[in-house]
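Numbering of the sequence shown is given in the UniProt record's numbering, commencing with residue 1 and proceeding in unit increments.
C-beta: ideal position from N, C-alpha, C; glycine also.
Note that this is a predicted model, so its numbers are computed, not measured.
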Amino acid sequence: MIRTDAVHEGMTVRTATGEVIGRVTGIGDTHFELERGLLPIPRRDYLVEFSDVDFIRGEDIYLANADHPLLTLEVDDDGGALPPRHANGLEREPVNVDRDS
């Protein structure tokens with residue numbers, strides 16, 4: 001598993017084959033928020049678990065090949081991100097972690 005402190009807002013998220021799928025817009029304890037596309041309107045946010053990351057190279061996050069439809073989730077039309085698939089009872093968006101405290 002990757003070091004979670006290596007992930008920060010603005011990083012590019014890529015598929016296992018290198019295709020750009022979006023960027024990191026928020027960081028939680030077990031996941032990060034992924035915003036797809038170049039323009040945030042219409043906004044399509046997803047939560048990606050750190051365990052779904054294969055590796056990080058520079059400012060790029062590469063997702064592992066997955067046996068689940070990670071990026072075929074419903075469009076989030078209320079501005080909130082969808083919870084990760086293993087998030088029992090998680091009903092709020094991730095909060096940015098202050099790494100200095």
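Assigned secondary structure, residue i (DSSP; H/G/I helix, E/B strand, else coil)
i   : result
T30 : coil
T15 : coil
V7  : coil
Through-space distance from residue j to residue i, alpha-carbon basis
i           : j   : result
G28         : G18 : 24 Å
residue 102 : D45 : Residue numbering for the chain in the displayed model covers 1 to 101; residue 102 lies beyond these limits and cannot be assessed.
D52         : V20 : 16 Å
T30         : V7  : 11 Å
F55         : E33 : 17 Å
T15         : F50 : 14 Å
V13         : A64 : 11 Å
Option nearest residue i by Cα separation, candidates the options
i   : options          : result
V48 : R3, E35, G10     : E35
G26 : N65, V13, R3, E9 : E9
Cutoff 6 Å; reference residue i; Cβ partners in own chain excluding five residues on either side
i   : result
M11 : V24, E59, I61
Contact set for residue i: own chain, Cβ-Cβ below 8 Å, skip 5 residues either direction
i   : result
T72 : With a pLDDT of only 41 at T72, under 50, the local geometry of the prediction cannot be trusted, and no value is derived from it.
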